[in-house]
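What follows is a set of notes on a single structure, which appears directly below.
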Amino acid sequence: MTASDTRVRLLPSHLRRAVIGAPMAGGPTTGELIAAVGEAGGLGMIGSGYLDGEATRAEIAAVRELTDAPFGVNVFLLDEADSAAALDAAGGAAALEEYAAALEPVARRLGIDLARDPQFTDFDQDGTIAALVEEAVPVVSFTFGIPDADTVRRLQEVGSAVVVTVASVEDARRSVEVGADWLSVQGAEAGGHRSTTTVGEEPNLTSTVDLVRAVRAALTETEFVAAGGISTPADVAAALEAGATGVQLGTVLLRTPEAGTTALHRAALGDERFTESRPTRCYTGRYARSLVNGFVAEHHDAAPAAYPHLHVLTGPMRKAAARAGDADVPPLWAGAGWRAAGAYADRPAAEIVAELWDGAR
Ligand SMILES: Cc1cc2nc3c(=O)[nH]c(=O)nc-3n(C[C@H](O)[C@H](O)[C@H](O)COP(=O)(O)O)c2cc1C
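Per our numbering, numbering through the sequence shown is continuous, rising by one, with the last residue being 379.
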């Protein structure tokens, strides 16, 4: 096969239902969720964001045990120089110290120590990419960056379709230029991290439907799925009508029995006490949409653009709060459509995929 042979690479239009189960690294995505989405005719995605090459291979093996349906693997592209530049611009080590000092009362209340000098060394995705070239999975998607053309070609040569997660028209164009097979176009409503390609930038606030329209106008031939706030058949219909080939679902799958979402997070998503979600840097240093709990309300304004430093700094605190059942501290990732998604709480993933897709058509 040559890199230009696109027939065998999996596109959203090849799926029985063009519904991607979002990769949700850090627990929510499980092999069971991926298998359920795949067997409903969609495409489930492993979130390898916090895994190395070996752990990613183990996840792939586990999914292959569970299902013959195609699936994908999502990779975070972290760039050390970009992280360092963002931290510098945000005030460097002094800004980190200041933020850590502001978090001390929370740490004390939870009985843990914050890392005083949060360093992050695991910027190397080469091991994961090498593992993926060997595993030859149907789809590899990238988040937080655009892979170089050589990486795209190596993956395509083993038959993988290469997908880039983009949050702007410009990044959509750049991704097509390096040879991406299709895109995941992420609007402002999206739950979890926003896939900007640099740490320091402010993500645009363009809604999913408006961004889909703009990307479709710019790239008339490219297949892409729409992500962000898609929780009902009407949301799916609006995304398709605006020009998307398919959709990507995150938040609406968080409360399925197959998901690995913590009990605390599930309960918060159904708790009337939470009335707002917002993108915030306060947990990881990068914008990610969460329900607004006490921690977000108090620390959002002061958080520096220091990713993944804040991710390391707040890690022990997030874990301790989760153990203590304290929903006022940990991130409660949620897309802006989390309330509407509540109508599907506790329903099996396959039913949600079928209902949202078939109901939209
Ligand atoms: C809990 C959670 C974790 C996520 N983790 C990832 C991830 O590891 N990689 C990624 O590309 N996107 C991740 N996302 C973003 C999704 O891929 C998708 O863009 C988003 O969920 C769509 O918006 P919605 O949540 O409103 O459906 C995550 C989203 C959530 C809610």
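Heads up, the beta-carbon is just placed ideally off N, CA and C, and yes, glycines get one too.
Please state whether DSSP places residue i in a helix, a strand or coil.
i: proline 366; result: coil
i: arginine 126; result: helix
i: serine 295; result: strand
i: methionine 19; result: With a pLDDT of only 42 at methionine 19, under the threshold of 50, the placement of this residue in the model should not be trusted, and no figure is reported.
i: arginine 304; result: coil
i: valine 26; result: coil
i: threonine 48; result: coil
i: glycine 333; result: helix
i: glycine 62; result: strand
i: glycine 39; result: strand
i: leucine 114; result: helix
i: arginine 379; result: coil
i: leucine 33; result: coil
i: leucine 328; result: helix
i: leucine 105; result: helix
i: leucine 309; result: strand
i: alanine 361; result: helix
In terms of alpha-carbon separation, which member of the options lies closest to residue i?
i: alanine 323; options: Ala120, Leu201, Gly218 and Thr226; result: Gly218
i: glycine 56; options: Arg34, Arg212 and Asp189; result: Arg34
i: asparagine 92; options: Phe160, Ser31 and Phe138; result: Phe160
i: glycine 360; options: Glu369, Thr250, Ala73 and Glu316; result: Thr250
i: threonine 146; options: Ile64, Ala281, Thr216 and Val196; result: Ile64
i: aspartate 86; options: Ala54, Leu69 and Leu328; result: Ala54
i: glycine 71; options: Trp356, Glu152, Ser31 and Ser213; result: Glu152
i: isoleucine 164; options: Ala111, Gly110 and Thr216; result: Thr216
i: threonine 238; options: Ala190, Glu175, Ala245 and Ala358; result: Ala190
i: valine 265; options: Ala40, Arg27 and Ala149; result: Ala40
i: aspartate 168; options: Arg379, Val196 and Gly110; result: Val196
i: glycine 333; options: Glu316, Gly209, Cys300 and Ala320; result: Cys300
i: leucine 69; options: His32, Gly247, Gly45 and Leu51; result: Gly45
i: glutamate 369; options: Val37, His317 and His32; result: Val37
i: arginine 234; options: Pro221, Thr263 and Ser213; result: Thr263
i: tryptophan 356; options: Leu328, Phe292 and Val314; result: Phe292
- Mind pulling the alpha helix (DSSP H) runs of 4 or more residues that sit fully within the segment 131-179? Segments of the alpha helix (DSSP H) lying fully in the segment 131-179: 144-153 and 167-175.
- Secondary structure, alpha helix (DSSP H): runs of 4+ residues fully inside the segment 226-292: You should have 226-236, 251-259 and 281-287.
- Query: When the Cβ atoms of the segment 216-231 are set against those of the segment 254-265, are three or more pairs found closer than 8 angstroms?
  - Reply: yes
- Query: For the 8 angstroms Cβ check, are there 3 or more pairs between the segment 294-314 and the segment 351-360?
  - Reply: By the Cβ test, the segment 294-314 is in contact with the segment 351-360, since at least three Cβ pairs between them sit closer than 8 angstroms.
- Message: Taking 8 angstroms as the cut-off, does the segment 100-108 touch the segment 79-89 (at least 3 CB pairs, one atom from each stretch)?
- Response: no
- Segments of 3+ residues assigned as beta strand (DSSP E) that fall wholly inside the segment 73-98: Listed in chain order, the complete beta strand (DSSP E) runs (minimum 3 residues) inside the segment 73-98 are 89-94.
- Please go through the segment 173-216 and give each complete beta strand (DSSP E) segment of 3 or more residues, from N-terminal end onward. 179-184 and 200-204
- Query: Any chance the segment 178-188 sits against the segment 202-219, with 3 or more Cβ pairs inside 8 angstroms?
  - Reply: yes
- Are the segment 313-327 and the segment 357-374 touching, with three or more C-beta to C-beta distances below 8 angstroms? no
- Message: Within 8 angstroms, do at least three Cβ pairs link the segment 108-125 to the segment 151-160?
- Response: no
- Query: Should the segment 336-347 be called in touch with the segment 265-273, which here means at least 3 C-beta pairs below 8 angstroms?
  - Reply: no
- Task: Report yes or no: do the segment 57-75 and the segment 281-296 share at least 3 C-beta pairs separated by less than 8 angstroms?
- Result: no
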